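These notes are about the structure you will find just below.
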Amino acid sequence: MYKFLLCMRYLRTRWIALASIVSVTLGVATLIVVNSVMEGFSTQMQERMHGILSDVVLETRSTMGIAQPGWYEERIRARLGDSVSGVTTVVTLPAMLTFQHNGNSHTSQINLIGIDQNTYASVSDFSKYLLHPENKERLDFVLKQSGYDPTRKHLQPSGWEYRQPLARYRKSSVDRLLEEAKTEEKRYQELQEKIQEQQEDGGNDTAINSLMAGPGIKIAGSTEPIKVFDAETEQRTGIVLGIGLGSLRRRDAEGRVDDYFFLRPGDDVQVTFPNAGTPPRGIDESFTVVDFYESKMSEYDSTFAFVPIEKLQHSRGMLDPRTGVGSVTSIQIKLKPGTDLNAARDALRDEFPPTHEFVEVRTWKDTQGPLLAAVQLETTILNILLFMIIAVAGFGILATFFMIVVEKTRDIGVLKSLGATGSGIATIFLGYGVLLGTVGAGIGLVCGLIFVWKINDIAKVIEWITGREVFDPTVYYFETIPTIIHPFMLVWVSIGAVLIAVLASVLPSIRAARMHPVEALRYE
Amino acid sequence: MNSTTSNNPTSGDSATFPQAPHVLHARTRVTPWRVVHPDEPLGSDRTDALNSETAESTAGPIRASDSSRDLIIASGLTKAYRRHKTAVPVLKGVDFAAERGKITAIIGQSGSGKSTLLHLLGTLDRPDSGEIIFDGARIDSLPTRQQDRFRNRQLGMIFQFYHLLPELTLLENVLTPAMISYGALQYWRNGREIRERAKHLIELVGLSHRMKHRPRELSGGEMQRTAIARALVTNPSLLLADEPTGNLDHETGASILQLLRQLNEEHGLTIVMVTHDESIAGQCDALVRLKGGKVERLETQYWDPLPSSI
Chain Z
1 MYKFLLCMRY
11 LRTRWIALAS
21 IVSVTLGVAT
31 LIVVNSVMEG
41 FSTQMQERMH
51 GILSDVVLET
61 RSTMGIAQPG
71 WYEERIRARL
81 GDSVSGVTTV
91 VTLPAMLTFQ
101 HNGNSHTSQI
111 NLIGIDQNTY
121 ASVSDFSKYL
131 LHPENKERLD
141 FVLKQSGYDP
151 TRKHLQPSGW
161 EYRQPLARYR
171 KSSVDRLLEE
181 AKTEEKRYQE
191 LQEKIQEQQE
201 DGGNDTAINS
211 LMAGPGIKIA
221 GSTEPIKVFD
231 AETEQRTGIV
241 LGIGLGSLRR
251 RDAEGRVDDY
261 FFLRPGDDVQ
271 VTFPNAGTPP
281 RGIDESFTVV
291 DFYESKMSEY
301 DSTFAFVPIE
311 KLQHSRGMLD
321 PRTGVGSVTS
331 IQIKLKPGTD
341 LNAARDALRD
351 EFPPTHEFVE
361 VRTWKDTQGP
371 LLAAVQLETT
381 ILNILLFMII
391 AVAGFGILAT
401 FFMIVVEKTR
411 DIGVLKSLGA
421 TGSGIATIFL
431 GYGVLLGTVG
441 AGIGLVCGLI
451 FVWKINDIAK
461 VIEWITGREV
471 FDPTVYYFET
481 IPTIIHPFML
491 VWVSIGAVLI
501 AVLASVLPSI
511 RAARMHPVEA
521 LRYE
Chain Y
1001 MNSTTSNNPT
1011 SGDSATFPQA
1021 PHVLHARTRV
1031 TPWRVVHPDE
1041 PLGSDRTDAL
1051 NSETAESTAG
1061 PIRASDSSRD
1071 LIIASGLTKA
1081 YRRHKTAVPV
1091 LKGVDFAAER
1101 GKITAIIGQS
1111 GSGKSTLLHL
1121 LGTLDRPDSG
1131 EIIFDGARID
1141 SLPTRQQDRF
1151 RNRQLGMIFQ
1161 FYHLLPELTL
1171 LENVLTPAMI
1181 SYGALQYWRN
1191 GREIRERAKH
1201 LIELVGLSHR
1211 MKHRPRELSG
1221 GEMQRTAIAR
1231 ALVTNPSLLL
1241 ADEPTGNLDH
1251 ETGASILQLL
1261 RQLNEEHGLT
1271 IVMVTHDESI
1281 AGQCDALVRL
1291 KGGKVERLET
1301 QYWDPLPSSI
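Protein chains in written order, with our numbering: chain Z, 1 to 524; chain Y, 1001 to 1310.
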């Protein structure tokens, strides 16, 4: 009883205790903030990585691809049973994107992915990242009138709203050119007539005659109607580009982050990709951009382009001439939540041994393995370092406690003379350590949680004070700092902090317990 | 002679006590000082000691100890402190006994070992040799934990510098030994009773109005009164006082002594008091003079039921 009373009193009357509490508080708060932010980052990253990747991918490198995807699908479903929630077939190709901007041609390298728009949504969150609300519901590769994410003012206008005036303008400029050509021809004919008149008049100027007649310069001006592609009313096959392929992220004069779109839904682009022959030859096709997707994974956003799978199969010659079944290069599988990815992968590897079928089975984590491992390593090292900071706080507590024990020497002597046992006195100081640790960890917990809760406001304040951007959205593709708080982490950090505080108070407590009562009473 | 007998502390007549401001001074000597030399042989009777007032040649304890009469008995206590390999002897074979219900003073110069003796009696330290018997049981060789228990239950201690815990209020200070004595649960169960006792004691020492004050808000005399209340809260049978008036002015010191005497008479509390003040020592029932780590002589002034001696 006296132990508890004295603990509380020592806590309330010692300023030095406050220092120890603050050190524990800071350590705990820092750990919580760092862990939450790291967790937020890595979760966001995983989510983005996983976003347009399915859980397990069955892939071949053959140019012809897998000829009987239906048979494979049956075997996969038979092997994995109920845990499969969706299967889709995909053709992926290395390709080159060409587009015109300001009169110049630009090319960039892309991963062209032919998807089955009916089943692709069942294996990945792809459609969630599209800009047009209707495409988010269901992607149909048809250009929409307008309504591509109205919050992006630099994307407006787009869709037919953008394509039609542009096509009209282009057509009108072509018409003007044709008009000019016609006038020119008319003038030429008049000139010819004039010359003929002069000849008939009698002049025998053969030089001029031969020059004007020449081989017969004739400016083509065919008026007969040809079947021309009308950009004003028609679209090519739709293509969905990663937003990084069509825009640049930059800052405007006032320092705001903005996207500049050099391609918009409604623009036509050319894609060059290999056909299925040996050796492969490049084919090029025109596509109309029907939407962008933004997964916020820059790697994906700047390389992936999606087109309908039938178009690719048709252009590359992947259709079986007899059955009309298209080949695919990979089969993507989505598993039900909670299924063990690696087990499923191993089962499929067992089902399709590399000696029989040349297919590779990977989970999405295998695909992004090194990056995930790097993030994991970073988190671990950061945690170790931060726990060392708390350990430093622990040594601070150790020193503080030794001081308090020395300061309280006489009181210890008095307590012993009143019959307090050595263990009782040790309990006072151990309890004091527990109390300091608990109060410190408690305050740290609250501070850390408030910090995490208000982290974006705090970042703004720090930016305002230092004039430096803490969190650069052009780098991270995040509007705000992502945070995730795991209750388990909170518990561990708190327990760890209290434990360190207690460990630090062990030595001083033993010293206090062993103090000789007579010497303690004499202590001045 | 009549008045002296009625003033005898053993008769328990406390009616005359509180009236006089310097109670102990007011008492007249009953018997001439019985001077006993330390060299008197062991087993020499009290009567012998009384009769041989000038005995100088005999060796041994001052008087025969008797555990039915004496509450605490020490014999042949030696104690040396080690300082840089050399042992500094403080006590060189001290025999001591404090009679039940009496106030025994230990007097001596600085460094005579009187405080060390008190610490040994209070089991705060262990003697190098010799033994201490409290109420018929040896206490100097008990395990530490039992000594702690003994100090808590049987012993009250007060000090020259009061040694109150500065963080606690007066009431809490008084309650401390009780809190040490009981576990948290037990304390909680008996809390009211213990508090009542503590409050009663505080009332007894006259500090009811200071209950919630911290020690630094109290005067020296008040602090010492608090220390006395604290020493008594577990209802001990022996009070050890280490220069209880050493840090107080004469008048306050006298009131403290009066309080001690009152406790002694009303509750039969046995008190052993260390002092270097002859006038205070003179008011005690028995007096042990220490010099150079040995008992120089022992004087008693209580009424001795030996008709021949008067």
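Glycine included, C-beta positions come from ideal geometry on N, C-alpha and C.
None of these values were measured; they are calculated from a predicted model.
Extent of the continuous alpha helix (DSSP H) to which residue i belongs
{"i": "F126 of chain Z", "result": "Element bounds for F126 of chain Z: n/a, residue is neither H nor E."}
{"i": "E134 of chain Z", "result": "P133 to E137"}
{"i": "T233 of chain Z", "result": "Looking at the DSSP string, T233 of chain Z is not in any alpha helix (DSSP H), and its letter there is neither H nor E."}
{"i": "D301 of chain Z", "result": "S298 to D301"}
{"i": "A276 of chain Z", "result": "From DSSP, A276 of chain Z is part of no alpha helix (DSSP H); its letter is neither H nor E."}
{"i": "G81 of chain Z", "result": "Unbroken run through G81 of chain Z: none, as it is neither H nor E."}
CA-to-CA distance, residue j to residue i, given in whole angstroms
{"i": "G1183 of chain Y", "j": "M45 of chain Z", "result": "56 Å"}
{"i": "S327 of chain Z", "j": "G282 of chain Z", "result": "19 Å"}
{"i": "S1279 of chain Y", "j": "T1300 of chain Y", "result": "14 Å"}
{"i": "R152 of chain Z", "j": "F262 of chain Z", "result": "14 Å"}
{"i": "L319 of chain Z", "j": "W160 of chain Z", "result": "32 Å"}
{"i": "R1230 of chain Y", "j": "K1085 of chain Y", "result": "39 Å"}
{"i": "A1055 of chain Y", "j": "Q1224 of chain Y", "result": "Reliability fails at A1055 of chain Y, whose pLDDT of 38 lies under 50, so the model's placement of it is uncertain and the value that follows must be treated cautiously. If I take the Cα positions, the gap works out to 40 Å."}
{"i": "S1115 of chain Y", "j": "L1232 of chain Y", "result": "21 Å"}
{"i": "R1082 of chain Y", "j": "R522 of chain Z", "result": "16 Å"}
{"i": "P1127 of chain Y", "j": "Q1147 of chain Y", "result": "13 Å"}
{"i": "F229 of chain Z", "j": "R251 of chain Z", "result": "38 Å"}
{"i": "R1046 of chain Y", "j": "R1289 of chain Y", "result": "Here the model assigns R1046 of chain Y a pLDDT of 41, short of 50, so the residue's position is not dependable, and the following value carries that caveat. Straight-line Cα distance between these residues: approximately 17 Å."}
{"i": "L1142 of chain Y", "j": "A1074 of chain Y", "result": "15 Å"}
Span of the beta strand (DSSP E), counted from its first residue to its last, around residue i
{"i": "F292 of chain Z", "result": "G282 to Y293"}
{"i": "A399 of chain Z", "result": "Run containing A399 of chain Z: none in the beta strand (DSSP E); it sits in the alpha helix (DSSP H), G369 to E407."}
{"i": "H106 of chain Z", "result": "N104 to I115"}
{"i": "I425 of chain Z", "result": "Run containing I425 of chain Z: none in the beta strand (DSSP E); it sits in the alpha helix (DSSP H), G422 to W453."}
Under the three-state DSSP convention, the category residue i falls into
{"i": "A1178 of chain Y", "result": "helix"}
{"i": "I1139 of chain Y", "result": "coil"}
{"i": "E351 of chain Z", "result": "helix"}
{"i": "L1218 of chain Y", "result": "coil"}
{"i": "D1070 of chain Y", "result": "strand"}
{"i": "R322 of chain Z", "result": "coil"}
{"i": "Q526 of chain Z", "result": "The structure shown does not extend to residue 526 of chain Z, since chain Z spans only 1 to 524, so no value can be given for it."}
{"i": "H516 of chain Z", "result": "coil"}
{"i": "A67 of chain Z", "result": "coil"}
{"i": "R1195 of chain Y", "result": "helix"}
{"i": "A29 of chain Z", "result": "helix"}
{"i": "Q156 of chain Z", "result": "coil"}
{"i": "M1223 of chain Y", "result": "helix"}
{"i": "A305 of chain Z", "result": "strand"}
{"i": "A1080 of chain Y", "result": "strand"}
{"i": "M1211 of chain Y", "result": "coil"}
{"i": "D149 of chain Z", "result": "coil"}
{"i": "I1228 of chain Y", "result": "helix"}
Under 8 Å by beta carbon: chain Y residues contacting residue i
{"i": "F4 of chain Z", "result": "A1184"}
Closer than 7 Å at the beta carbon, the chain Y residues around residue i
{"i": "T421 of chain Z", "result": "R1145 and D1148"}
{"i": "R9 of chain Z", "result": "E1167 and L1168"}
{"i": "T13 of chain Z", "result": "E1167"}
Nearest-angstrom beta carbon gap, residue j and residue i [assumed within contact, 8 Å]
{"i": "T1123 of chain Y", "j": "R1149 of chain Y", "result": "Not confirmed; about 10 Å, so no contact."}
{"i": "S330 of chain Z", "j": "V57 of chain Z", "result": "6 Å"}
{"i": "H1119 of chain Y", "j": "V518 of chain Z", "result": "5 Å"}
{"i": "T92 of chain Z", "j": "Q270 of chain Z", "result": "Their Cβ separation, rounded to whole angstroms, is 19 Å, which puts T92 of chain Z and Q270 of chain Z out of contact at 8 Å."}
{"i": "R1091 of chain Y", "j": "T1078 of chain Y", "result": "It is worth fixing the name first, because residue 1091 of chain Y is Leu in this sequence and not Arg. Right, their Cβ atoms sit about 5 Å apart."}
Amino acids of chain Z, ordered along the chain, whose beta-carbon sits closer than 7 Å to that of residue i
{"i": "M1273 of chain Y", "result": "Within chain Z, no residue comes near M1273 of chain Y; the closest Cβ sits about 16 Å away, beyond 7 Å."}
{"i": "L1165 of chain Y", "result": "D411 and V414"}
{"i": "D1125 of chain Y", "result": "V518"}
{"i": "H1119 of chain Y", "result": "V518"}
Any C-beta of chain C under 7 Å from that of residue i
{"i": "N1152 of chain Y", "result": "The chain labelled as chain C is not found among the protein chains of the depicted structure, namely Z and Y."}
Beta-carbon neighbours of residue i, restricted to chain Z and to distances below 8 Å
{"i": "T1176 of chain Y", "result": "Y2, L415 and L418"}
{"i": "E1172 of chain Y", "result": "L5"}
Under 9 Å by beta carbon: chain Y residues contacting residue i
{"i": "G424 of chain Z", "result": "D1148 and I1180"}
9 Å Cβ cut-off: residues of chain Z touching residue i
{"i": "H1084 of chain Y", "result": "Those do not exist, as H1084 of chain Y stays about 16 Å from chain Z at its closest Cβ, beyond 9 Å."}
{"i": "H1276 of chain Y", "result": "Those do not exist, as H1276 of chain Y stays about 17 Å from chain Z at its closest Cβ, beyond 9 Å."}
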